[in-house]
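Visitor:
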Amino acid sequence: MGILRFIGGIVVFFWIAGLFLRIGGGLIHFLLVVAAIVFIFDWLSGKKSKR
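Position in the sequence shown (first residue = 1) + 1 = our numbering.
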């Protein structure tokens with residue numbers, strides 16, 4: 002699941018850049034939601050595998 006965290010980090014970076022530079026519009030916000038879902042899924046599946 003390391004690659005998912007990497008992709009999530011890239012998406013969050015571009016979302017923050019989009020807020021400051023006013024680029025991307027709704028696509029950046031959509032990608033942020035996808036990144037948040039991936040992060041939560043990774044976090045929950047990581048907790049289950051450690052038990």
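Note that CB positions come from ideal geometry on N, CA and C, so glycine has one too.
(1) Can you give me the start and stop residues for the alpha helix (DSSP H) that Arg23 sits inside?
(2) Kindly list the residues whose CB is nearer than 8 Å to the CB of Val12, restricted to its own chain and excluding five residues on each side of it in sequence; keep chain order.
(3) From Ile38 to Arg23, what distance separates their C-alpha atoms?
Guide: Let's see:
(1) Translated into positions along the sequence shown, residue 23 becomes position 22. Premise fails: Arg23 is in no alpha helix (DSSP H) and is neither H nor E.
(2) Here residue 12 refers to the residue found at position 11 of the sequence shown. If we look at Val12 and ignore the five residues flanking it on each side, its Cβ neighbours are Leu32, Leu33, Val35, Ala36.
(3) The count along the sequence shown starts at 1 and reaches residue 38 at position 37. The count along the sequence shown starts at 1 and reaches residue 23 at position 22. Distance between the alpha carbons of Ile38 and Arg23 is about 24 Å.
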